[in-house]
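Visitor: Protein chains in written order, with the working numbering: chain A, 107 to 404; chain B, 22 to 466; chain C, 936 to 1235.
Sharing a structure, written as structure tokens. Questions coming.
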């Protein structure tokens, strides 16, 4: 994170403004983090409740239950599956990541280096291609996936999710490629590389940050997506965690016949968040380099 | 990029390719040699699927088919999460990929038959010696236009629960069996006066139940029209109006803000609650989220009475059910039927219904712990008067609009019962068409 | 006219082998988008001209009804209520998401506040949480009797609020903004940090005030990313109904019935797939037109 002066900071360094700033920050932090309080407290509560209740004797047994298959009071899922769910989510997210990185990098590079009539319209069209709400497209998408054999296929799930996030990711990659001056490539050409070698040796490493950002965003999409696995995945041992949580968790008081062990659900949710945090940590430095459009200088 | 990041990137790409291609191969390309017949069973993920596995229904079925008939069968289970399960099943049928045997609830049955999705089970059922073990109401619930399409495993009528401790504190008689809606309101008012700490004396906002209790027929099979205005319907609206607005024994916020009524009952903040029989075990039972200690001493139960006006039924309840249907497009209907019979077997049904406090749909499933449970024995008597909801296309819309009008007009704005009924009639006419609705005298559309 | 054709022709003849090679890079992305986005969209649009139902007789033989669905829409009271609710939700969400994004990006790019990595981690926390969890954790906070928010208010001596019922729209917007400020924040922070220092220094030397520097340097330079971000956000808000669905399912008397939720209800609860698709098409049209308008306004 750069901390260069942007023209706002100089005269704002007075101590009173600083204090106000920190106070505001504290309130914002409260707004941001309050919902997580319940999550973190309930995960350690052996008798979890849908509302905030401080446990008298916090334990780790909810976490253990996820991985060893021992849940109490007939919680509505054998937790043998919970570890499998984590693996499935990883597969889906990895597939999404891989497909998005490759396709958006290619398209982004082409969009950055190629000029053709109607280019702006094309880029706009990319953005608006998904303009129909996803649930209206549900039934046609379902039929299409059946034709392709994607039902109950985790890679198919990843592919469909990838197609949904492609437009924004192409824009992001294009922005990163725009930031790599053509001179770099031209120098490589002069040194005797052909276009392809130049691509791999020079451009790709320079676009590393872009790949990192796209990796994070596509991972988050694949990891957290719920609707696509809902239609496509049909066996419990292939559920990703998003479906798994829906299986064991309902907060609607009108639901029939379901026993919910809120502690286990909260513990699973925390485990659910960990890989996202890891990938964020690895890619965090590059998040501030997103360039959505070429900025023109007057 | 640092070396670490580069390495991670390369590693994840390699892993993704390797993993991806292996899985794609095994799920999409690899097909085992087709000498085995595969039939699919669709049910809810979690508790339901686990139960079937625990009871070992599938291995026993596969063995039986091999030993008795020399057929090699493999049963695959398809599951969907409990939330939105019915919608998923309907989407599956619409896309043509539903299982051969499907676990489903009874409400959409008429619509599903009209869509041509369900196999007619009448020929099988006529040859089945166990068919007359099923209660007549259950047989009818699974039928549409004289043909059988579903066999039920569980059913769950609505009853009235009340807190015996609060009743005793308010000087009300225990055990309590109200004979009319006035009895219920009187009891609630007594609670409200004598025990002002109880936030919600009564919660009985179940529009369909009230309609039945008022004696409302809802649908006239003779001319195929839905009744949208009548004396009985007005009584139902008046009951809710009295409870919520006039006497204030049911604060509208309970329904509108979705207060957790089971928790309120558990905490003793709710004295009289109309709810399903399954709550006995699944909500207030030992080890459950809303566990009530000394449940037998604290929780009382009674039949939901009719309105008390002449012509209304003595008690009212309605019930749907959950059970199995067979896909009309199945390639192995006979095998599917055999599997279905195993799934609804008496032992399985009893084993499922006892811990979940549902009622069995067949007489020979009243065995073991199920037969000895006091509550279940009493609850079974509700089946004698329990009615079935009209089994016609469009009824689910009628029901939903009724619910919506109670919620959005009566509870939200305090609209009078007469106005509510007019609004209701208008909306149903709009949704279903003017030729499918009618009003009973002295009302007109 | 002739000149235009001439210029197109001449640019066509200038196509080199390299350019074709480059253009082929588009193919994987276009194939994916075409198959999984375009085709279902067209299919769904086709539904909106029929009276197809998800279930029942109309599932077996739907018929083309031309514009009847749209005519019904025009006279549908709930539809118009839904339109106003959607505009309210989307506009306020847009403002909030950008405001929060701007405030946080200023914190992240300023010189005077310390602990940037901690700040960044906290700010991005809602973005990192998987989508399934977001409604659930908020419901636990907003419940009227036992929720964390009201408990906190009671401790502070303030009256508990009815978040789920009276302030339903506010709650939905609050959750949406909470979940969605991260993207504008990243875009804004990236845009702000990419403006070279020299511009500001030169302007300062020339005696420009802070306000002048802001309006003549910062704003024009971040205009394009801002507008694009706004388009993306608007499209997201108009499509996603998770929060209103979980919280109020259309709210007291359709007050929070967003258009996307209405389309879902019509298609999957009332089973009127044709009508629901028509609503979906209206949503798409609105998003499209507004997107174009925003670009025009920014003189793209």
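Glycine included, every Cβ here is placed at the ideal spot set by N, Cα and C.
All of these numbers come straight from a predicted model, not from anything done at the bench.
Can you give, in chain order, each stretch of the alpha helix (DSSP H) that sits fully within the stretch 200-277 of chain A and has at least 4 residues?
Guide: Correct list: 225-234 and 244-254.
Visitor: Given that residue 277 of chain B touches chain C, what residues does it touch there, using C-beta distances under 7 Å?
Guide: The contacting residues are 1100 and 1187.
Visitor: Can you list, in chain order, the residues of its chain with a C-beta nearer than 6 Å to that of residue 1176 of chain C? Leave out the 5 residues immediately preceding and following it.
Guide: Once the five neighbours on either side are set aside, the close Cβ partners of residue 1176 of chain C are 1193, 1195 and 1196.
Visitor: Report, in whole angstroms, the separation of the C-beta atoms of residue 426 of chain B and residue 247 of chain B, which I expect to be a contact under 8 Å.
Guide: Not quite, the Cβ-Cβ distance comes to about 14 Å (not below 8 Å), so this is no contact.
Visitor: Give a yes or no on whether the minimum CB-CB distance between residue 957 of chain C and chain D is below 9 Å.
Guide: Looking for chain D here will not work: the only protein chains present are A, B and C.
Visitor: Closer than 9 Å, CB to CB, is residue 113 of chain B near chain C or not?
Guide: Closer than 9 Å: no.
Visitor: Excluding the five sequence neighbours on either side, which residues of its own chain have a C-beta within less than 6 Å of the C-beta of residue 1114 of chain C, listed in chain order?
Guide: Taken in chain order, the residues that qualify are 1061 and 1069.
Visitor: Reducing DSSP to helix, strand and coil, say where residue 377 of chain A ends up.
Guide: Reduced to three states, the DSSP call for residue 377 of chain A is helix.
Visitor: Three-state secondary structure (DSSP) at residue 166 of chain B?
Guide: Reduced to three states, the DSSP call for residue 166 of chain B is coil.
Visitor: Specify the secondary structure class of residue 291 of chain B as computed by DSSP and reduced to three states.
Guide: Here residue 291 of chain B sits in strand by DSSP.
Visitor: Check whether chain C comes within 9 Å of residue 439 of chain B, counting only Cβ atoms and requiring the distance to be less than that.
Guide: With 9 Å as the cut-off, residue 439 of chain B does not count as an interface residue toward chain C.
Visitor: Output the distance between the C-alpha atoms of residue 1139 of chain C and residue 1153 of chain C, rounded to the nearest integer angstrom.
Guide: If I take the Cα positions, the gap works out to 13 Å.
Visitor: Under three-state DSSP, which class holds residue 246 of chain B?
Guide: Here residue 246 of chain B sits in strand by DSSP.
Visitor: Residues of the stretch 1203-1235 of chain C in Cβ contact with chain B at a cutoff of 8 Å, in chain order, please.
Guide: From the stretch 1203-1235 of chain C, only 1203, 1204, 1205 and 1206 have a Cβ closer than 8 Å to chain B.
Visitor: Find out if the Cβ-Cβ distance for the pair residue 398 of chain A, residue 322 of chain A is shorter than 9 Å.
Guide: Taking 9 Å as the Cβ cut-off, residue 398 of chain A and residue 322 of chain A do not qualify as a contacting pair.
Visitor: Count the other C-beta atoms from every protein chain shown that fall within 10 angstroms of the C-beta of residue 90 of chain B, then say buried if there are 16 or more, exposed otherwise.
Guide: Label assigned to residue 90 of chain B: exposed.
Visitor: If you count every other CB in all the chains shown that lies within 10 Å of the CB of residue 175 of chain B, and 16 or more means buried, which is it?
Guide: It counts as buried.
Visitor: When you check each C-beta in the stretch 976-997 of chain C against every C-beta of chain B, which residues fall closer than 7 Å?
Guide: Residues 989, 990, 991, 992, 994 and 995.
Visitor: So if I threshold CB-CB distances at 7 Å, which residues from the stretch 143-164 of chain A count as touching chain C?
Guide: Taking 7 Å as the Cβ-Cβ cut-off against chain C, the residues of the stretch 143-164 of chain A that qualify are 143, 144, 145, 156, 157 and 158.
Visitor: Would you call the CB atoms of residue 171 of chain B and residue 193 of chain B closer than 9 Å?
Guide: Against a cut-off of 9 Å, the Cβ pair of residue 193 of chain B and residue 171 of chain B comes out as no contact.
Visitor: Considering Cα atoms alone, identify which of B:302, B:48, B:435 and B:326 is closest to residue 396 of chain B.
Guide: For residue 396 of chain B, the nearest C-alpha among the options comes from B:302.
Visitor: Quick check on residue 247 of chain A - is its C-beta less than 9 Å from some C-beta in chain C?
Guide: Answer yes: the Cβ-Cβ gap between residue 247 of chain A and chain C drops below 9 Å somewhere.
Visitor: Alpha carbon to alpha carbon, how far is residue 165 of chain B from residue 151 of chain B?
Guide: C-alpha separation (whole angstroms): 20 Å.
Visitor: Which residues of the stretch 281-293 of chain A have a Cβ closer than 7 Å to any Cβ of chain B? Give them in chain order.
Guide: The residues in question: there are none.
Visitor: Tell me, please, whether the CB atom of residue 257 of chain A is closer than 9 Å to any CB atom in chain B?
Guide: So, interface residue.
Visitor: Are at least three pairs of beta-carbons, each pair with one atom in the stretch 233-250 of chain A and one in the stretch 960-974 of chain C, less than 8 Å apart?
Guide: Yes: at least three Cβ pairs fall under 8 Å.
Visitor: Verify the CB distance criterion: does residue 418 of chain B have a CB-CB separation below 9 Å to chain C?
Guide: Output row for residue 418 of chain B: interface = yes.
Visitor: Is the stretch 244-260 of chain A close to the stretch 1100-1114 of chain C, with three or more CB pairs under 8 Å?
Guide: Verdict: no, contact absent.
Visitor: Chain C beta carbons: is any one of them nearer than 9 Å to that of residue 345 of chain A?
Guide: Closer than 9 Å: no.
Visitor: Compare the Cα-Cα distances from residue 430 of chain B to each of B:463, B:266, B:112 and B:105 and report the closest residue.
Guide: Selected option, being the one with the closest Cα: B:266.
Visitor: Mind checking which residues open and close the alpha helix (DSSP H) that includes residue 1124 of chain C?
Guide: Here the alpha helix (DSSP H) through residue 1124 of chain C covers 1117-1129.
Visitor: Kindly say whether residue 212 of chain A, judged by its beta-carbon, lies nearer than 9 Å to any beta-carbon of chain B.
Guide: Not one chain B Cβ lies under 9 Å of residue 212 of chain A.
Visitor: Have a look at B:105, B:379, B:49 and B:295 and flag the residue whose alpha-carbon is nearest the alpha-carbon of residue 205 of chain B.
Guide: Taking only the C-alpha atoms, the option nearest residue 205 of chain B is B:295.
Visitor: Out of curiosity, what's the CA-to-CA distance linking residue 144 of chain B and residue 161 of chain B?
Guide: Rounded to the nearest angstrom, the two C-alpha atoms are 16 Å apart.
Visitor: Between residue 27 of chain B and residue 264 of chain A, what straight-line distance do the alpha-carbon atoms span, to the nearest angstrom?
Guide: Whole-angstrom Cα-Cα distance: 23 Å.
Visitor: Evaluate the contact criterion for the stretch 94-104 of chain B versus the stretch 386-401 of chain B: three or more CB pairs, one atom per stretch, below 8 Å.
Guide: The answer is no - the stretch 386-401 of chain B does not touch the stretch 94-104 of chain B, with fewer than three Cβ pairs under 8 Å.
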